[in-house]
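Enquirer: A single structure is presented below for examination.
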Amino acid sequence: MRLFQKHFCAIAISLWAASPGNAQLLVEPTLHIKAEAGGGRVALTLDACSGRTDTRILSALVENKIPATIFVTGIWLKHNAAAVEIMRAHPELFELENHGGRHVPAVDTPQKIYGIRSAGSPEAVLAEVESGAAALAVTGEPAPKWFRGATAEYSPSTIAMIRKLGFKIAGFSINGDGGSLLGAKETARRIAAAKDGDVIIAHINQPTHAAGEGVVQGLLALKNKGLTFVRLDDADGIGDEGTTD
Ligand SMILES: [Zn+2]
Numbered sequence: 012m013r014l015f016q017k018h019f020c021a022i023a024i025s026l027w028a029a030s031p032g033n034a035q036l037l038v039e040p041t042l043h044i045k046a047e048a049g050g051g052r053v054a055l056t057l058d059a060c061s062g063r064t065d066t067r068i069l070s071a072l073v074e075n076k077i078p079a080t081i082f083v084t085g086i087w088l089k090h091n092a093a094a095v096e097i098m099r100a101h102p103e104l105f106e107l108e109n110h111g112g113r114h115v116p117a118v119d120t121p122q123k124i125y126g127i128r129s130a131g132s133p134e135a136v137l138a139e140v141e142s143g144a145a146a147l148a149v150t151g152e153p154a155p156k157w158f159r160g161a162t163a164e165y166s167p168s169t170i171a172m173i174r175k176l177g178f179k180i181a182g183f184s185i186n187g188d189g190g191s192l193l194g195a196k197e198t199a200r201r202i203a204a205a206k207d208g209d210v211i212i213a214h215i216n217q218p219t220h221a222a223g224e225g226v227v228q229g230l231l232a233l234k235n236k237g238l239t240f241v242r243l244d245d246a247d248g249i250g251d252e253g254t255t256d
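Counting in this note's numbering, the sequence shown runs from 12 upward without gaps.
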């Protein structure tokens, strides 16, 4: 859903600003990891929103020993036990983090973002964040430290709230697959262009989309260039909009 994200975002913001009574603009925070001397490190983050598992990506990560941070929802966890088992069997590769309980955007006013209805109130945002963490706890995974809301857009007030709950908020610096709607070639091009310190976002829950093939190609290109991959827990993440400090 992020294909024309910047364009839609600009339209959304201008409509919002023009509509009376809506004081808050949504923000889409960025995240980088701190550069290290002599480093060429990138963080791969993959969202598992709902649906199934793209085994093309999962197998490639295991075969090529590419570490990744996977943002999972409660809904996805429920229907993908086999994939969760593979991830848990490789704790050196996979870090599972909180993508919410029901995949509703962490926006505390009622509205639609890329066609998805927002949580709509502070209480509903709280429920989304906490139910996501609770669903992860059932798997036996360590307690999540990072949260990424559905659509990766937030109201500034919800960012403050989620930080108070103890989570850092995971933005990104490279939109790898345009919400898994891009073609394989463009996805591969975007991911292969990652530089030291970049945080890539893509999806691991759309096995029928061409983008997944591009994710694999892009990652292998980065690996061949000698870049290394780190999980968010293994690097210093620096986000804007008060998401990590
Ligand atoms: Zn998602």
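Here a beta-carbon is modelled for each residue, glycine too, at the ideal position from N, C-alpha and C.
#1: How many Å lie between Ala34 and Gly49 at the Cα?
#2: Per DSSP, what are the beta-bridge partners of Asn216 in this structure?
#3: Tell me whether Ala161, by its Cβ, gets closer than 6 Å to a heavy atom of ligand 1.
#4: If we call anything under 7 Å between Cβ atoms a contact, is Ala161 one with Gly187?
#5: Give me the residue from Val136, Glu74 and Gly112 with the minimum Cα distance to Val118.
#6: Rounding to the nearest angstrom, what Cα-Cα distance links Ser132 and Glu139 in this structure?
#7: Please classify Lys175 as buried or exposed, where buried requires at least 16 other C-beta atoms within 10 Å of its C-beta.
#8: So the alpha helix (DSSP H) Gly51 belongs to, where does it begin and stop?
#9: Evaluate Gly32 with the Cβ neighbour count: other Cβ atoms within 10 Å of its Cβ, from every protein chain shown; 16 or more gives buried, anything less gives exposed.
#10: Please state whether DSSP places Ile24 in a helix, a strand or coil.
#11: Straight-line CA distance for Thr120 to Leu104?
#12: Which class does Ile77 belong to by DSSP, given the choice of helix, strand or coil?
#13: If we call anything under 7 Å between Cβ atoms a contact, is Asn109 one with Gly143?
#14: Going by C-alpha distance, which of Asp256, Val210, Lys234 and Glu141 is nearest Leu55?
#15: Taking the straight line between their C-alpha atoms, what separation do you get for Val73 and His101?
#16: Got a sec: does ligand 1 put a non-hydrogen atom nearer than 6 Å to the Cβ of Arg65?
#17: Relative to the C-alpha of Lys236, which candidate in Ile202, Gly248 and Ser61 has its C-alpha closest?
#18: Give every residue of the same chain whose Cβ lies closer than 8 Å to the Cβ of Glu152, excluding the five residues on either side of it in the sequence, and list them in chain order.
#19: Can you tell me whether Ala148 is helix, strand or coil according to DSSP?
#20: Enumerate, from N- to C-terminal direction, the unbroken beta strand (DSSP E) stretches of 3 or more residues contained entirely within the stretch 99–171.
Expert: Looking at the coordinates:
#1: On the sequence shown, position 23 is the one that residue 34 refers to. On the sequence shown, position 38 is the one that residue 49 refers to. Note that Ala34 has pLDDT 41, beneath the 50 cutoff, so the model's placement of it is unreliable and no number is given.
#2: On the sequence shown, position 205 is the one that residue 216 refers to. Answer by DSSP bridge pairing: none, since Asn216 is not bridged.
#3: As a working note, residue 161 is residue 150 in the sequence shown. Checking the Cβ of Ala161 against ligand 1 gives yes.
#4: Indexing the sequence shown from 1 puts residue 161 at position 150. Indexing the sequence shown from 1 puts residue 187 at position 176. Going by C-beta atoms, Ala161 is not nearer than 7 Å to Gly187.
#5: Numbered from its first residue, the sequence shown carries residue 118 at position 107. Nearest C-alpha to Val118: Val136.
#6: Translated into the one-based positions of the sequence shown, residue 132 becomes position 121. Translated into the one-based positions of the sequence shown, residue 139 becomes position 128. About 11 Å.
#7: As a first step, residue 175 must be located in the sequence shown, where it is residue number 164. Lys175 is exposed by the Cβ-count criterion.
#8: Against the sequence shown, residue 51 aligns to sequence position 40. First-last for Gly51: undefined, no H or E at that position.
#9: The residue labelled residue 32 in the question sits at position 21 within the sequence shown. Residue placement at Gly32 is poorly supported in this model, since its pLDDT is 43, which falls under 50; the coordinates are not used for a value here.
#10: Taking the sequence shown and counting its residues from 1, one reaches residue 24 at position 13. Per-residue confidence for Ile24 stands at a pLDDT of 43, beneath the threshold of 50, marking its modelled position as unreliable; no derived number is given.
#11: Stepping through the sequence shown from its first residue, residue 120 is reached at position 109. Stepping through the sequence shown from its first residue, residue 104 is reached at position 93. Going by the C-alpha atoms only, they are around 37 Å apart.
#12: As a working note, residue 77 is residue 66 in the sequence shown. Correct three-state label for Ile77: coil.
#13: Reading the sequence shown from its first residue, position 98 is the one you call residue 109. Reading the sequence shown from its first residue, position 132 is the one you call residue 143. Yes, Cβ-Cβ distance for Asn109 and Gly143 is below 7 Å.
#14: To locate residue 55, count along the sequence shown from 1; it is residue 44. The residue with the shortest Cα to Cα distance from Leu55 is Val210.
#15: Against the sequence shown, residue 73 aligns to sequence position 62. Against the sequence shown, residue 101 aligns to sequence position 90. Taking the straight line from one Cα to the other gives about 8 Å.
#16: For this step, residue 65 is matched to residue 54 along the sequence shown. Checking the displayed sequence, the identity of residue 65 turns out to be Asp instead of Arg. No, the Cβ of Asp65 stays beyond 6 Å of every heavy atom of ligand 1.
#17: For the purposes of this step, residue 236 is taken as the residue at position 225 of the sequence shown. Of Ile202, Gly248 and Ser61, the residue nearest in Cα terms is Ile202.
#18: Residue numbering aside, residue 152 sits at position 141 when the sequence shown is read from its first letter. Hits under 8 Å: Arg99 and Leu107.
#19: Sequence index remark: in the sequence shown, residue 148 carries index 137 (1-based). The answer is helix: DSSP assigns Ala148 an H, G or I state.
#20: 105–109
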